[in-house]
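Asker: From first to last, the protein sequence lines stand for chains C and Y. Just add 7 to wherever you are in the first sequence, counting from 1, and you've got the numbering used here. Just add 7 to wherever you are in the second sequence, counting from 1, and you've got the numbering used here. C-beta atoms are modelled at their ideal positions from N, C-alpha and C, and glycine is treated no differently. For reference, the structure I am asking about is given below.
Protein chains: 2
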Amino acid sequence: MNRRTFHRAGEAERRRDLIAATLDVIAEQGLRAATVRQISARAGVTGGLIRHYFSSKDQMVQAAYRELMQGMIRSVEAAAENGATTKERLRNFITGNLSKDVTDARTISLWAAFIGHVNLDPVFAEIHREYYLAFLEKLEAMLASYLASIGRKTDGQALRGKAIAINGLIDGLWLENSVAGDLFTGLDPDKLALRSVEDLLGLDANSLD
Amino acid sequence: MNRRTFHRAGEAERRRDLIAATLDVIAEQGLRAATVRQISARAGVTGGLIRHYFSSKDQMVQAAYRELMQGMIRSVEAAAENGATTKERLRNFITGNLSKDVTDARTISLWAAFIGHVNLDPVFAEIHREYYLAFLEKLEAMLASYLASIGRKTDGQALRGKAIAINGLIDGLWLENSVAGDLFTGLDPDKLALRSVEDLLGLDANSLD
DNA sequence: GCAGGAATTATTCAAGCGTATAATAGCGCG
DNA sequence: CGCGCTATTATACGCTTGAATAATTCCTGC
Numbered sequence: 008m009n010r011r012t013f014h015r016a017g018e019a020e021r022r023r024d025l026i027a028a029t030l031d032v033i034a035e036q037g038l039r040a041a042t043v044r045q046i047s048a049r050a051g052v053t054g055g056l057i058r059h060y061f062s063s064k065d066q067m068v069q070a071a072y073r074e075l076m077q078g079m080i081r082s083v084e085a086a087a088e089n090g091a092t093t094k095e096r097l098r099n100f101i102t103g104n105l106s107k108d109v110t111d112a113r114t115i116s117l118w119a120a121f122i123g124h125v126n127l128d129p130v131f132a133e134i135h136r137e138y139y140l141a142f143l144e145k146l147e148a149m150l151a152s153y154l155a156s157i158g159r160k161t162d163g164q165a166l167r168g169k170a171i172a173i174n175g176l177i178d179g180l181w182l183e184n185s186v187a188g189d190l191f192t193g194l195d196p197d198k199l200a201l202r203s204v205e206d207l208l209g210l211d212a213n214s215l216d
Numbered sequence: 008m009n010r011r012t013f014h015r016a017g018e019a020e021r022r023r024d025l026i027a028a029t030l031d032v033i034a035e036q037g038l039r040a041a042t043v044r045q046i047s048a049r050a051g052v053t054g055g056l057i058r059h060y061f062s063s064k065d066q067m068v069q070a071a072y073r074e075l076m077q078g079m080i081r082s083v084e085a086a087a088e089n090g091a092t093t094k095e096r097l098r099n100f101i102t103g104n105l106s107k108d109v110t111d112a113r114t115i116s117l118w119a120a121f122i123g124h125v126n127l128d129p130v131f132a133e134i135h136r137e138y139y140l141a142f143l144e145k146l147e148a149m150l151a152s153y154l155a156s157i158g159r160k161t162d163g164q165a166l167r168g169k170a171i172a173i174n175g176l177i178d179g180l181w182l183e184n185s186v187a188g189d190l191f192t193g194l195d196p197d198k199l200a201l202r203s204v205e206d207l208l209g210l211d212a213n214s215l216d
């Protein structure tokens with residue numbers, strides 16, 4: 008009847024592990040399954056430890072949501088910064104939203120699991136709002152840069168409208184592609200997104216390629 | 008210590024009531040709260056009755072999802088049929104997706120609550136797929152009719168691409184509008200959607216008005 | 001107006017939940 | 001090397017969960 012042997016980890020490392028385990032469980036089995044016991048088992052520790060690092064299980068799940076959103080936005084920003092011209096950066100931002108890092112099954116599954124809580128829990132609402140706004144502003148800024156670079160003037164309100172529409176388009180494509188992706192047979196989501204954005208901005212076809 | 012008096016309802020009516028109660032609870036408090044006890048309390052019956060009409064609680068929740076999707080598609084179809092010309096019908100289909108019946112807080116809340124289960128449960132996946140496909144085909148048909156009526160030819164693959172993009176746009180706008188709607192200040196979602204669809208189809212501005 | 005069957009209620013059960021508390025073991029520091 | 005701090009484990013508690021079962025009440029058909 009010996010106790011389990013264990014390893015004393017640094018605070019930061021342990022918190023990271025617990026959050027990672029939380030996201031793993033949620034991605035694979037949904038929020039329902041994100042119980043103290045499942046998560047601690049996945050992290051290789053016992054349940055009590057969670058309360059040592061978080062004041063409640065719910066607080067840990069909120070931290071996990073923040074982590075997810077941060078990862079998504081960082082991934083897209085990285086894609087956008089990886090471009091020499093304003094056009095390249097805009098294109099990378101758009102396709103970055105639709106390709107691997109952000110669109111992998113795990114991320115989608117997590118996003119879908121959490122979105123149902125946004126209406127219910129004010130903390131989730133706040134987190135969602137914060138990152139949605141960040142996406143929107145990032146996109147708006149990139150649009151403004153690109154349009155300026157090709158000599159097009161757009162007033163603020165119209166620009167925001169374009170940003171919202173494009174953001175909606177990206178979100179919708181991303182979501183439907185992942186939840187019922189086999190319906191896209193023969194269509195490349197990246198290309199579809201680029202052609203659509205060109206349409207929405209009134210650009211010539213293929214001008215973003 | 009008398010028993011509660013009760014009313015013997017017809018099977019169809021009782022099932023409808025139970026499903027309605029299920030949707031009420033889920034809309035207000037999420038899937039977590041959709042317990043046998045909460046739902047039966049809301050329906051004004053005792054918990055055991057649920058098992059008399061459904062083989063399990065989960066099966067009842069699936070029936071509720073089907074009911075929700077059916078209601079959404081019917082509401083949009085009704086809006087679309089309420090138009091004299093192909094243009095009016097297309098416009099109604101688009102704005103119908105964004106206005107009251109479909110976009111009210113309850114529907115959004117329900118949609119968001121369920122979407123997280125689509126990846127997890129094959130039955131939910133099947134239901135989602137079925138109705139998504141129905142939306143898409145309806146939209147594609149309306150686009151084809153309208154474009155034909157103004158003398159535009161579009162090959163099948165391109166048409167499907169347009170339908171997917173527009174459907175994505177509508178989904179995205181609809182979702183973001185509802186979850187973070189106050190960001191749309193000064194912008195009319197209906198107008199934004201119509202102008203965006205015109206762009207995506209390469210139509211003149213305001214030609215759908 | 002009553003008999004019988006089905007709809008509904010009431011009660012119980014085992015399992016799983018989040019949390020609180022106490023015991024213990026790893027590890028840095030003297 | 002050993003002391004002390006605290007990260008970690010272990011266990012227990014009260015509640016809620018979905019489901020099963022038994023008891024009852026309503027309603028239909030005669």
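1) Taking CB distances under 8 Å as the criterion, tell me whether residue 206(Y) reaches chain C.
2) Can you tell me whether residue 124(Y) is buried or exposed? The criterion is at least 16 other CB atoms within 10 Å of its CB, across all chains shown.
3) Verify the CB distance criterion: does residue 106(C) have a CB-CB separation below 8 Å to chain Y?
4) Between residue 66(Y) and chain C, is there a C-beta pair that is closer than 8 Å?
5) Straight-line CA distance for residue 208(C) to residue 206(Y)?
6) Looking at residue 39(C): is its Cβ nearer than 8 Å to the Cβ of residue 167(Y)?
7) Going along the chain, which residues of its own chain have a beta-carbon closer than 6 Å to the beta-carbon of residue 73(C), five neighbours each way excluded?
8) Suppose you measure from the CA of residue 25(C) to the CA of residue 116(C); what does that come to, to the nearest Å?
9) Using a Cβ-Cβ cut-off of 8 Å, state whether residue 97(Y) counts as contacting chain C.
10) To the nearest whole angstrom, what separates the beta carbons of residue 94(C) and residue 215(C), a pair I think is in contact under 8 Å?
11) Quick check on residue 160(C): buried or exposed, where buried means 16 or more other Cβ atoms within 10 Å of its Cβ?
12) For the structure I just gave you, are there three or more beta carbon pairs, one from the stretch 14-25 of chain Y and one from the stretch 189-197 of chain Y, closer than 8 Å?
13) Against chain C, does residue 171(Y) count as a neighbour if the rule is that its beta carbon must be under 8 Å from one of theirs?
14) Which first and last residues belong to the alpha helix (DSSP H) in which residue 104(Y) is found?
15) Considering only the beta carbon of each residue, do residue 177(C) and residue 99(C) sit closer than 8 Å?
16) Since residue 39(C) meets chain Y, which of its residues come closer than 8 Å, beta carbon to beta carbon?
17) Starting from the Cα of residue 131(Y), find the closest Cα among 66(C), 187(C), 68(C), 153(C) and give me that residue.
18) What distance in whole Å lies between the Cβ atoms of residue 173(Y) and residue 146(Y), which are believed to be in contact at a cut-off of 8 Å?
19) What first and last residue would you give for the alpha helix (DSSP H) that runs through residue 59(Y)?
20) Considering only the alpha carbon of each residue, which of 88(Y), 149(Y), 158(Y) lies closest to residue 204(Y)?
21) Can you check whether the C-beta of residue 182(Y) is within less than 8 Å of a C-beta belonging to chain C?
22) Which class does residue 41(Y) belong to by DSSP, given the choice of helix, strand or coil?
23) Under a CB-based cut-off of 8 Å, is residue 194(Y) close to chain C?
24) So, under 8 Å CB-CB, residue 35(C) and residue 175(Y) are touching, yes? Tell me the CB distance rounded to an integer number of Å.
25) Using alpha carbons as the reference points, say which of 65(Y), 212(Y), 170(Y), 118(Y) lies closest to residue 185(Y).
26) Straight-line CA distance for residue 202(Y) to residue 54(Y)?
27) Quick one: what's got a C-beta closer than 7 Å to residue 170(Y)'s C-beta in the same chain, skipping five residues either side?
28) Could you check the C-alpha separation between residue 129(Y) and residue 91(C) for me, to the nearest Å?
29) When the Cα atoms are used, what is the spatial distance from residue 67(Y) to residue 29(Y)?
30) One question on the structure: do residue 79(Y) and residue 114(Y) come within less than 8 Å of each other, judged by their Cβ atoms?
31) Please state the DSSP three-state secondary structure of residue 150(Y).
32) List the whole-angstrom C-beta distance separating residue 43(Y) from residue 64(Y), where the pair is believed to meet the contact cut-off of C-beta under 8 Å.
33) Taking CB distances under 8 Å as the criterion, tell me whether residue 127(C) reaches chain Y.
Answerer: Taking the structure as given:
1) Against the second sequence, residue 206(Y) aligns to sequence position 199. It does: the Cβ of residue 206(Y) has a partner Cβ on chain C nearer than 8 Å.
2) Residue numbering aside, residue 124(Y) sits at position 117 when the second sequence is read from its first letter. Classification for residue 124(Y): buried.
3) Start at 1 with the first residue of the first sequence, and residue 106(C) comes out as number 99. Answer no: the Cβ-Cβ gap between residue 106(C) and chain Y never drops below 8 Å.
4) Residue mapping note: residue 66(Y) aligns to position 59 of the second sequence, counting from 1. No, residue 66(Y) does not count as interfacial toward chain C.
5) Taking the first sequence and counting its residues from 1, one reaches residue 208(C) at position 201. Taking the second sequence and counting its residues from 1, one reaches residue 206(Y) at position 199. So the alpha carbons of these two residues sit roughly 8 Å apart.
6) Here the question's residue 39(C) lines up with position 32 in the first sequence. Here the question's residue 167(Y) lines up with position 160 in the second sequence. Not closer than 8 Å, so no.
7) Numbered from 1 along the first sequence, position 66 holds the residue referred to as residue 73(C). Here the set comprises 134.
8) Position 18 of the first sequence, counted from the start, is the residue given in the question as residue 25(C). Position 109 of the first sequence, counted from the start, is the residue given in the question as residue 116(C). Looking at the two C-alpha atoms, the distance is approximately 19 Å.
9) Here residue 97(Y) is taken as the residue at index 90 of the second sequence, counted from 1. For residue 97(Y), the answer is no, since every Cβ of chain C falls outside 8 Å of its Cβ.
10) Residue mapping note: residue 94(C) aligns to position 87 of the first sequence, counting from 1. Residue mapping note: residue 215(C) aligns to position 208 of the first sequence, counting from 1. Residue 94(C) to residue 215(C), Cβ: 7 Å. Contact.
11) To locate residue 160(C), count along the first sequence from 1; it is residue 153. Exposed, by the Cβ-count rule.
12) no
13) Against the second sequence, residue 171(Y) aligns to sequence position 164. By this cut-off, residue 171(Y) is an interface position.
14) The sequence position of residue 104(Y) within the second sequence is 97, counting from 1. Counting along the chain, the alpha helix (DSSP H) containing residue 104(Y) begins and ends at 93-105.
15) As a working note, residue 177(C) is residue 170 in the first sequence. As a working note, residue 99(C) is residue 92 in the first sequence. Their beta carbons are not under 8 Å apart, which means residue 177(C) does not touch residue 99(C) by this criterion.
16) Position 32 of the first sequence, counted from the first residue, corresponds to residue 39(C). What residue 39(C) touches in chain Y: 38, 39.
17) The residue given as residue 131(Y) occupies position 124 in the second sequence. For residue 131(Y), the nearest C-alpha among the options comes from 187(C).
18) Here residue 146(Y) refers to the residue found at position 139 when the second sequence is read from its first residue. Here residue 173(Y) refers to the residue found at position 166 when the second sequence is read from its first residue. At roughly 6 Å, the Cβ-Cβ gap stays under 8 Å, so residue 146(Y) and residue 173(Y) are in contact.
19) The residue labelled residue 59(Y) in the question sits at position 52 within the second sequence. Residue 59(Y) -> alpha helix (DSSP H) spans 55-60.
20) Locating residue 204(Y) in the second sequence gives position 197, where the first residue counts as 1. For the residues 88(Y), 149(Y), 158(Y), the minimum Cα distance to residue 204(Y) belongs to 149(Y).
21) Here residue 182(Y) refers to the residue found at position 175 of the second sequence. Yes, residue 182(Y) counts as interfacial toward chain C.
22) Locating residue 41(Y) in the second sequence gives position 34, counting from the first residue. Of the three classes helix, strand and coil, the one that applies to residue 41(Y) here is coil, per DSSP.
23) Counting from 1 along the second sequence, the entry for residue 194(Y) is found at position 187. True, the Cβ-Cβ gap to chain C drops below 8 Å.
24) The sequence position of residue 35(C) within the first sequence is 28, counting from 1. The sequence position of residue 175(Y) within the second sequence is 168, counting from 1. Residue 35(C) to residue 175(Y), Cβ: 26 Å. No contact.
25) Locating residue 185(Y) in the second sequence gives position 178, where the first residue counts as 1. When only C-alpha atoms are compared, the closest one is 118(Y).
26) Within the second sequence, the letter at position 195 stands for residue 202(Y). Within the second sequence, the letter at position 47 stands for residue 54(Y). So the alpha carbons of these two residues sit roughly 50 Å apart.
27) Looking up residue 170(Y) in the second sequence gives position 163. The answer, listed in chain order, is 143, 146, 147, 150.
28) Within the second sequence, numbered from 1, the residue matching residue 129(Y) stands at position 122. Within the first sequence, numbered from 1, the residue matching residue 91(C) stands at position 84. Going from the Cα of residue 129(Y) to the Cα of residue 91(C) covers about 44 Å.
29) Indexing the second sequence from 1 puts residue 67(Y) at position 60. Indexing the second sequence from 1 puts residue 29(Y) at position 22. Each residue's alpha carbon lies about 8 Å from the other.
30) The sequence position of residue 79(Y) within the second sequence is 72, counting from 1. The sequence position of residue 114(Y) within the second sequence is 107, counting from 1. Closer than 8 Å, so yes.
31) Here residue 150(Y) refers to the residue found at position 143 when the second sequence is read from its first residue. Residue 150(Y) falls in the helix class under three-state DSSP.
32) Position 36 of the second sequence holds residue 43(Y). Position 57 of the second sequence holds residue 64(Y). That pair is a contact at about 5 Å.
33) Translated into positions along the first sequence, residue 127(C) becomes position 120. It does: the Cβ of residue 127(C) has a partner Cβ on chain Y nearer than 8 Å.
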